[in-house]
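Note that the numbering used here has the sequence shown beginning at 88, numbered continuously upward. All C-beta atoms in this analysis are idealised placements derived from N, C-alpha and C, irrespective of residue type, glycine included.
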Amino acid sequence: MRFIYSELLNRKKIMTQPNNTKMFGQYTIYKQIGAGGMGAVYQAFDNKLQRPVAIKIITGQGVSQSEVKRFLREARAMAQLDHENIIKIYDTGLAPTPFIAMEYIEGSDLSTLIKMSQINTQQLIKVIIDTAKALSVTHKAGIIHRDIKPSNIMITKNHVAKLMDFGLAKVEEDQQLSKSGSVIGTPAYMPPEQVQGIVKPTNDIYSLGAVLYEGLTGRPPFEGETSINILAQIMMEDPIPPRDLNPDISPYLEAISLKCLHKKPAKRYTSATEFARDLQNFVQNRPIQAKPYTRVDRFRKLVSRNKLASGLVGALFISLVSIIVILCLAFLELQRKNREILRRDKVIDQEEGYKGDIYGQILSYAMELVDVKKIVQDQSLADKFSLYMNNLRKIGPKNLFTADPQIANEYFTAFLFPGSPKQKLQKYSAIIEKNPFIVVLSARIEIYIDLKMYDEAKKDCRTIIGLNSTISMGYWLLAKVLYHDKKYQQGLEEIEKVFVKKVEAHQPYLWRGLIHVQLKNYEKAIEDLSVVMEKRKGHMAYMYRGNAYLGLKDYPKAIEDYKIALELAPNVARLNSFLALAYQNLGNNDKAIMYYEKYADILFKKKRYTLAIGNWRKAVKLTEKKSPERKRLRAKVHKAQKLKK
Numbered sequence: 088m089r090f091i092y093s094e095l096l097n098r099k100k101i102m103t104q105p106n107n108t109k110m111f112g113q114y115t116i117y118k119q120i121g122a123g124g125m126g127a128v129y130q131a132f133d134n135k136l137q138r139p140v141a142i143k144i145i146t147g148q149g150v151s152q153s154e155v156k157r158f159l160r161e162a163r164a165m166a167q168l169d170h171e172n173i174i175k176i177y178d179t180g181l182a183p184t185p186f187i188a189m190e191y192i193e194g195s196d197l198s199t200l201i202k203m204s205q206i207n208t209q210q211l212i213k214v215i216i217d218t219a220k221a222l223s224v225t226h227k228a229g230i231i232h233r234d235i236k237p238s239n240i241m242i243t244k245n246h247v248a249k250l251m252d253f254g255l256a257k258v259e260e261d262q263q264l265s266k267s268g269s270v271i272g273t274p275a276y277m278p279p280e281q282v283q284g285i286v287k288p289t290n291d292i293y294s295l296g297a298v299l300y301e302g303l304t305g306r307p308p309f310e311g312e313t314s315i316n317i318l319a320q321i322m323m324e325d326p327i328p329p330r331d332l333n334p335d336i337s338p339y340l341e342a343i344s345l346k347c348l349h350k351k352p353a354k355r356y357t358s359a360t361e362f363a364r365d366l367q368n369f370v371q372n373r374p375i376q377a378k379p380y381t382r383v384d385r386f387r388k389l390v391s392r393n394k395l396a397s398g399l400v401g402a403l404f405i406s407l408v409s410i411i412v413i414l415c416l417a418f419l420e421l422q423r424k425n426r427e428i429l430r431r432d433k434v435i436d437q438e439e440g441y442k443g444d445i446y447g448q449i450l451s452y453a454m455e456l457v458d459v460k461k462i463v464q465d466q467s468l469a470d471k472f473s474l475y476m477n478n479l480r481k482i483g484p485k486n487l488f489t490a491d492p493q494i495a496n497e498y499f500t501a502f503l504f505p506g507s508p509k510q511k512l513q514k515y516s517a518i519i520e521k522n523p524f525i526v527v528l529s530a531r532i533e534i535y536i537d538l539k540m541y542d543e544a545k546k547d548c549r550t551i552i553g554l555n556s557t558i559s560m561g562y563w564l565l566a567k568v569l570y571h572d573k574k575y576q577q578g579l580e581e582i583e584k585v586f587v588k589k590v591e592a593h594q595p596y597l598w599r600g601l602i603h604v605q606l607k608n609y610e611k612a613i614e615d616l617s618v619v620m621e622k623r624k625g626h627m628a629y630m631y632r633g634n635a636y637l638g639l640k641d642y643p644k645a646i647e648d649y650k651i652a653l654e655l656a657p658n659v660a661r662l663n664s665f666l667a668l669a670y671q672n673l674g675n676n677d678k679a680i681m682y683y684e685k686y687a688d689i690l691f692k693k694k695r696y697t698l699a700i701g702n703w704r705k706a707v708k709l710t711e712k713k714s715p716e717r718k719r720l721r722a723k724v725h726k727a728q729k730l731k732k
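Quick look at the structure:
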């Protein structure tokens, strides 16, 4: 949850807009020279030390206390570094409002120089080498920039590169790409692994390689109208070789930039020092590590991206004839794909075209709003996000969603951001009151289930079925509601309505399988849940199939499924209880004790003392009398009992 750094902002002498006054503590403010997601940068003068400075003021608008603390902590860490290519941090503080005072640079940022074509290749290489040297120092100090881009590299009047904006990188909102949400770093310069929340020194090497690419070609490696478009390219596409954009570029410089931009971090330079050394070797006409990009590489990528051609590579001898055949087939296949794209663009299949457009719009809204890292790190959130996005592909255009960005933003703000179930319920209901869109109704149903408001949830399911009876969503959601309401037979009757025709989605099989487990139709449950596993690898199918095997007293298979489920969802604590029960029935008391204790320990940490005591006692019963193990477990029970009182 986010909250304003209120204690500081409420002080009377705080100036959240310093450009309205001339004084800010010991500093005289001249003018604003930049702005970012957390605040603004001002040209100023330090009256105490009598020197020009740049002051970054954190205004606190939408900034959490933890973000401010992290920002200041990283700034203080940077202040310990002394390198000519790193902007100097002079001071940090919390009053009159959180700020950082730093070296003021008279010059221009690299982004401006590139856009105005005011930097030649030789100068560009020097800037990249200098920046790589700066990164080498920061990486050795354990600091990763995370937001290397041309606008964060200042060039002084003496042509010295200065790397800046440490600390803001992880939380700063990119103003060019996102108006309503946060992104981690800047998409155009972000490596694939950073999209997944992985942060290592090789991230910065990729980003600096992207800066080199832009300096050489005049454009970043990937361009798009929205951040989702750029992120998709970063994850799935290779950048256009620089020489395709400008044949005058040296093939060796092209090779160096593409080595930095490799999708696999292990294929990049191992360090910023190594990157700088390769550029220096290029300048001095010495051999470089990076292998020049050749036509053979182009051919390999063409083949690797074409399934038909790839299949032939393994089957045919690599001869002149086979290469010609592969190239021809690849070309024909690509032509076919292009024709298919053109056919769709002409909206021959208007319904599919409409669905694609709407899906793209909604996904774009979501990616603009959501923190990609949070989606990836929170598996339950990722599952929900994936579920709703995948459902959009299957729902017909009728009453699906809205093309209105304001309503879309309202929905995704409620769906993906923190808030109590009741708060989310109010937001969903406000949207539904305007228009009962299926996507929002399905989200409200989930909230009703959480709040055990089953009658209301059933009404929404009936509304979805009424809006579009051709899709399975309304029926399997109704089955889900009835499952939670423990009306299993009624749930089975509803879900069977989906199976009158071929079912592609996994959810109908999942909920029918879960209902069969409760009705003790174990063989049918196993059959349905096995289908789910073929369609989607998730812990629920394995967990409940394990329950079905447990019901059939097939304990080895139950244990196997529970273990897979635990690997897929290590945070689902109750799987330990299921494993304990299965091992106990199998006669393996040692394993049963281990899993009962593990489950109880987790419950104890969550302060669920009654359940923890119950599971420790189950473990105690399986131990030998007067054994050290029994004594240890009983001590845990006594401790929990005291805390419970």
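Straight across, the Cα-Cα distance linking GLU580 with ILE525 is about 22 Å. Setting aside the 5 residues that flank it on each side, GLY194 is surrounded in the same chain by MET241, ILE242, THR243, LYS244, each with a C-beta closer than 6 Å to its C-beta; the list follows chain order. Distance from the Cα of TYR686 is smallest, within the candidate group LYS718, LYS712, LEU653, for LEU653. Here ASP178 is bridged, per DSSP, to ALA188. DSSP places ALA141 in the uninterrupted beta strand (DSSP E) bounded by 138-145.
Between the region 228-236 and the region 183-190 there are fewer than three inter-stretch CB-CB distances shorter than 8 Å, so the stretches are not counted as touching. The alpha-carbon separation between ASP537 and GLN671 amounts to approximately 32 Å. Around the C-beta of GLU520, fewer than 16 other C-beta atoms lie within 10 Å, and the residue is accordingly described as exposed. With 16 or more other Cβ atoms from the protein chains shown falling within 10 Å of its own Cβ, SER559 counts as buried.
Contact check for THR550 and PRO523: beta-carbon distance about 6 Å, within the 8 Å limit, so the pair qualifies. With respect to VAL568, ALA530 sits apart: the two C-beta atoms are not nearer than 7 Å. The shortest CA-to-CA distance from VAL587 to any of LYS611, LEU345, TYR562, PHE309 is the one to TYR562.
Inter-residue distance for GLU610 and ASP331 is about 60 Å (C-alpha atoms, whole angstroms). Bridge partners of GLN130 according to DSSP: LYS118, ALA141.
By the Cβ neighbour-count rule, ASP615 is buried, with 16 or more other Cβ atoms within 10 Å of its own. Taken through DSSP and simplified to helix, strand or coil, MET241 comes out as strand. Rounded to whole angstroms, the Cβ separation of LYS624 and LEU655 is 7 Å, and the two are in contact under 8 Å. As computed with DSSP, ILE173 is found in a beta bridge with LEU250. Excluding residues up to 5 positions away in sequence, THR225, VAL286, LYS287, PRO288, ASN290, ASP291 lie with their Cβ nearer than 8 Å to the Cβ of ILE231 in the same chain. Per the coordinates, the alpha-carbon of LEU295 lies some 7 Å from the alpha-carbon of ILE215. With contacts defined as CB atoms closer than 7 Å, SER223 and ALA359 qualify as a contacting pair. Take THR218, set aside five residues on each side of it, and the residues of its chain with a beta-carbon closer than 8 Å to its own are ASN172, ILE235, ILE240, ALA248, LEU250, LEU295, VAL298, in chain order. Per the coordinates, the alpha-carbon of ILE144 lies some 5 Å from the alpha-carbon of ALA127. Pairing THR208 with ASN658, the inter-Cα distance amounts to about 52 Å.
For ASP325, there is no enclosing beta strand (DSSP E), since its DSSP letter is neither H nor E. Around the beta carbon of GLU154, 16 or more other beta carbons sit within 10 angstroms, so the residue counts as buried. Secondary structure of ASP291 (DSSP, three-state): helix. Looking from the CA of GLN367, the closest CA among TYR339, THR357, LYS351, PRO352 belongs to TYR339.
Note: SER195 is bridge-paired with ILE242 in the DSSP secondary-structure output. Between ILE375 and ILE343 a beta carbon distance of about 7 Å is seen, short of the 8 Å cut, so the two are scored as contacting. In this structure, LEU709 lies near ASN676, with their beta-carbon atoms less than 7 Å apart. Of the residues assessed, ASN663 falls on the buried side of the cut-off, its CB having 16 or more other CB atoms within 10 angstroms. The beta carbon of TYR117 sits closer than 8 Å to the beta carbons of TYR129, GLN130, ALA131, PHE132 from its chain, once the five residues preceding and following it are set aside; these are given in chain order. Classified as exposed, PRO715 has fewer than 16 neighbouring CB atoms from the shown chains inside 10 Å of its CB. With respect to LEU668, TYR631 sits apart: the two C-beta atoms are not nearer than 7 Å.
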